[in-house]
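Single-structure report; data block below.
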Amino acid sequence: ETPGSIHEGGELGYALSHAYGAAFDNPDLIVACVVGDGEAETGPLATSWHGNKFLNPAQDGAVLPILHLNGYKIANPTILARISHEELAKLFEGYGYQPHFVEGHDPLPMHQRMAATLELAIAEIKAIQQRAREQGVNTRPRSPMIILRTPKGWTGPKIVDGKKTEGSWRSHQVPFSDTADNPQHIRLLEQWMQSYRPDELFDANGTLLPELAELAPQGERRMGANPHANGGMLLKSLHLPDFRAYAVPVSNPGHDYAESTRVMGALLRDVMQLNQAARNFRVFGPDETASNRLGSLFEVTDRTWLADTLPEDEHLSATGRVMEILSEHTCQGWLEGYLLTGRHGLFSCYEAFIHIVDSMFNQHAKWLKVSKEIPWRQPIASLNYLLTSHVWRQDHNGFSHQDPGFIDHVVNKKADIIRVYLPPDANCLLYVTDKCLRSRDLVNVIVAGKQSQLQWLDMDAAIKHCSAGIGIWEWASNDHDAEPDVVLACAGDIPTLEVLAAVDLLRRHVPELRIRVINVMDLMTLQPREEHPHGLSGRDFDDLFTTDKPIIFAYHGYPWLIHRLCYRRTNHGNLHVRGYKEEGTTTTPFDMAVRNDLDRFHLVADVAVRVPKLADIAPHLKQKMRDKLIEHKEYIVRHGQDMEEIRHWTWPYPLTIDT
2 ETPGSIHEGG
12 ELGYALSHAY
22 GAAFDNPDLI
32 VACVVGDGEA
42 ETGPLATSWH
52 GNKFLNPAQD
62 GAVLPILHLN
72 GYKIANPTIL
82 ARISHEELAK
92 LFEGYGYQPH
102 FVEGHDPLPM
112 HQRMAATLEL
122 AIAEIKAIQQ
132 RAREQGVNTR
142 PRSPMIILRT
152 PKGWTGPKIV
162 DGKKTEGSWR
172 SHQVPFSDTA
182 DNPQHIRLLE
192 QWMQSYRPDE
202 LFDANGTLLP
212 ELAELAPQGE
222 RRMGANPHAN
232 GGMLLKSLHL
242 PDFRAYAVPV
252 SNPGHDYAES
262 TRVMGALLRD
272 VMQLNQAARN
282 FRVFGPDETA
292 SNRLGSLFEV
302 TDRTWLADTL
312 PEDEHLSATG
322 RVMEILSEHT
332 CQGWLEGYLL
342 TGRHGLFSCY
352 EAFIHIVDSM
362 FNQHAKWLKV
372 SKEIPWRQPI
382 ASLNYLLTSH
392 VWRQDHNGFS
402 HQDPGFIDHV
412 VNKKADIIRV
422 YLPPDANCLL
432 YVTDKCLRSR
442 DLVNVIVAGK
452 QSQLQWLDMD
462 AAIKHCSAGI
472 GIWEWASNDH
482 DAEPDVVLAC
492 AGDIPTLEVL
502 AAVDLLRRHV
512 PELRIRVINV
522 MDLMTLQPRE
532 EHPHGLSGRD
542 FDDLFTTDKP
552 IIFAYHGYPW
562 LIHRLCYRRT
572 NHGNLHVRGY
582 KEEGTTTTPF
592 DMAVRNDLDR
602 FHLVADVAVR
612 VPKLADIAPH
622 LKQKMRDKLI
632 EHKEYIVRHG
642 QDMEEIRHWT
652 WPYPLTIDT
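Using the working numbering, the first residue of the sequence shown is number 2, and each one after it goes up by one.
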């Protein structure tokens, strides 16, 4: 709501990472960032000082941190204000800055000192940039910063009710209240306001005097008119390749293998290449780009790096466009600053550890919600998350790496802000990536595995399926001429695999059973249309899921979310969801599904129990599935891997239905 702002504040810790994000690829921009000494105690801010190891003075702008030491938080002193001048200087010299101190309490000389120090800092920045742009970046420069020490509550009441206020924690926010009932406080408030001599600033109508107004900058030099603070004004669409060109050939569903995020990496590589000249696209992540199979990016760029290098280092350069630091907070802050000033980006992260930025996501979603209501705020590129190395393939890292709950957190936000996509294979992931990179004013969450997995849809089928976001997979269903006996639904790549394997088992054991398979790629289609713009109408939902047949739903995340999204649907009473229920350890991939009742054998047993026509054979079918689970457990203990029928299972039926 404040013109000239890209940083709302409120939740502390992100000012400096936003500032660095704004400066990347903005060679003519100097971002002055005021950091309070309270905010400086937060973990995200403490790491943000290292942004100077990623800022290239030859091609980026500059950040001028201004650490404001007023000594207190709400009720406590601040750490940086209570260490010696020498220790403070050495601390920031160790971070790679050249600190300039401005200290005092008398306003008039302090204004002069601050103005002179700002001039000095800007001159130093210009000199650093000129050398880098004329001679290249040979060493990392020591960039200036300002440490401003003033009393807390400066120029406010010195004493309130006999207690020191200026220069004390008591001046935080409201130094005194109850002015309506306390005449002494009213007089104190009047004296405080009169101390600023408003008669020397405004005329009788309350208008700023012309000679003072003339001191203000003109045009885009005004803070409120700076286009960098309304990034949508500067936003240019990305040059995107045709995602169809990266299609994985699928001759028959469930026969061919691919690593979905590796395929996505090839697309991102060419997005990076096509936008090199525009310099408006970066990929961010906490040391996981290669791990998440996005290594194709390093065919056309490097990791941004201005610290020291060693001969054995790979893909590090001052001109790199992949931003990696082992701080999810910093990655998110950089990306937000980059987006808010009119550029594009993607944040790749292990699914379990994206929770580290839960509250940062909150604040950005709130920003987007309010900015959409302000007519002069132009749309910006969406915040795009790729969550991979996900819960169902963290069997090797164990319980600590297994948490799909970020989705639950995201769906609490406004429906016109958030999107959640669970592409079941590589071709669907390509479609979704293209869609997200073209979108505006959204938070897009893509959850996709990086391991080699079966592929289901050719590109034409993937486009049709993803355009709708949800649909019947006709080739996997056998209810084409009648109502189904059961609906098997899935959302997520591993749930899709287990549902289709369960369908295979049911076809072999109960061939007369009519099964409808539904895949949900766009999770928000499950909500009613009145609740989310992507939601299905009541009629469309009932047409897909029926009004009275049992629904067995295999879901990537916590199962209760599906119930939340569907609770108003006609057939909710027949909805039975399997998903992650906090059962994890270091084990085999399939055992992760077994431990959470998401595997094919549990799904078949669920069908046996839920379908009335199977009542007579249900005990026998359940026992067969129980025996397979016992066999599985014994096998993995003996061999340390999943059974061959699990590892090598493929969809055994030919493609006979036009997808």
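Idealized CB from N, CA, C, for every residue including glycine. Just so you know, these numbers come straight off a predicted model, no measurement behind them.
- Rounded to the nearest whole angstrom, the CA to CA distance from residue 123 to residue 469 is 53 Å.
- With a contact defined as Cβ atoms closer than 8 Å, residue 434 and residue 265 qualify at about 6 Å.
- If you compare the alpha carbons of 54, 29 and 28 with that of residue 18, the shortest gap goes to 54.
- Look at residue 359 here: in three-state DSSP terms it is helix.
- Going by beta carbons, residue 68 and residue 148 fall inside the 7 Å limit.
- Counting along the chain, the unbroken alpha helix (DSSP H) around residue 602 starts and ends at 601-611.
- Counting only residues of its own chain and dropping the five nearest sequence neighbours on each side, residue 602 has a CB closer than 7 Å to the CB of 626, 629 and 630.
- Annotation: the continuous beta strand (DSSP E) that includes residue 66 extends over 63-70.
- Residue 308 sits exposed, since fewer than 16 C-beta atoms from the chains shown fall within 10 Å of its C-beta.
- Assignment of alpha helix (DSSP H) within the region 248-305, counting only whole runs of 4 or more residues, yields 261-275 in chain order.
- The DSSP-derived three-state label of residue 13 is coil.
- By the 16-neighbour rule on beta-carbons within 10 angstroms, residue 172 is buried.
- Residue 580 and residue 491 have their alpha carbons spaced roughly 10 Å apart.
- Bridge pairing for residue 164: 161 [DSSP].
- For residue 93, the enclosing alpha helix (DSSP H) starts and ends at 86-95.
- One alpha carbon belongs to residue 310, the other to residue 320, and they sit about 14 Å apart.
- Across the set 267, 595, 544 and 455, the C-alpha of 455 shows the shortest separation from the C-alpha of residue 259.
- Judged by DSSP secondary structure, residue 626 falls within the alpha helix (DSSP H) whose first and last residues are 619-640.
- Cβ neighbours of residue 549 within its own chain (closer than 8 Å, five residues either side excluded): 572 and 575.
- According to DSSP, residue pairing for residue 146 in a beta bridge involves 100.
- By the neighbour-count criterion, in which a residue is buried when 16 or more other Cβ atoms sit within 10 angstroms of its Cβ, residue 638 is exposed.
- Annotation: residue 614 to residue 561 spans about 28 Å, alpha carbon to alpha carbon.
- Runs of the beta strand (DSSP E) lying entirely within the region 355-405, each at least 3 residues long, are 384-389 in chain order.
- By the C-beta density criterion, residue 44 is exposed, having fewer than 16 other C-beta atoms within 10 angstroms.
- If you look at residue 591, you'll find it in the alpha helix (DSSP H) that goes 590-596.
- Residue 330 has its alpha-carbon roughly 20 Å from the corresponding atom of residue 33.
- With the rule of 3 Cβ pairs closer than 8 Å, the region 376-392 does not count as touching the region 531-541.
- The alpha-carbon separation between residue 477 and residue 517 amounts to approximately 8 Å.
- Here the alpha carbons of residue 27 and residue 346 stand approximately 15 Å from one another.
- The Cβ neighbour count for residue 71, taken over all protein chains shown within 10 Å, is at least 16; the residue is labelled buried.
- Rounded to whole angstroms, the separation of the alpha carbons of residue 125 and residue 234 is 30 Å.
- Around the C-beta of residue 282, 16 or more other C-beta atoms lie within 10 Å, and the residue is accordingly described as buried.
- Per DSSP, the continuous alpha helix (DSSP H) segment holding residue 500 begins and ends at 494-510.
- By the Cβ rule, the region 502-511 does not count as touching the region 441-454, because fewer than three pairs are nearer than 8 Å.
- In the three-state DSSP reduction, residue 566 falls in the helix class (H, G or I).
- Contact between residue 442 and residue 380 holds: their C-beta atoms lie close to 5 Å from each other, under 8 Å.
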